[in-house]
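According to the numbering used here, the residues represented by the sequence shown are 861 to 928, in order. Taking it in order: structure first as C-alpha cells, then the write-up.
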Amino acid sequence: MGVAIDYEKVLTEIVFVNLPGPAEPLPGMTGGELLHGFLADLHGAPNPEVRNYVDMCCLKWNIHYRNT
C-alpha cells in the first residue's frame, strides 16, 4: 500500500523588479537590464486593464515590483 500523503519540496525564486526602470534601451545593456526596463514599462502602462493583466501574470511567476 502506498503512502497516504505525497510530499514534494518545491523551491521557488522570487524576482524583484526595482522601480523606476531604465527609460530607454542603451547599447551594451545586458538581457537582464533590458528585461528590467521592459517589465517596469509594462507596470506603468496607462491602461488599467493592461496593468491588471501584467500584475496577474507577475503573481503567477513570482515577480514582484518594489519602489526604491
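No residue lacks a Cβ here, since even glycine has one placed at the ideal position from N, Cα and C.
With respect to the 9 Å criterion, P885 and L879 are not classified as neighbours on the basis of their beta carbons. In the DSSP assignment, V877 falls outside any alpha helix (DSSP H) and lies within the beta strand (DSSP E) extending over V875 to L879.
When the beta-carbon positions are compared, P882 and A900 come within less than 9 Å of each other. Just so you know, the alpha carbons of T872 and H924 end up roughly 13 Å apart.
Along the length of the segment 885-922, whole alpha helix (DSSP H) runs at least 4 residues long occupy 891-903 and 908-920, reported in chain order.
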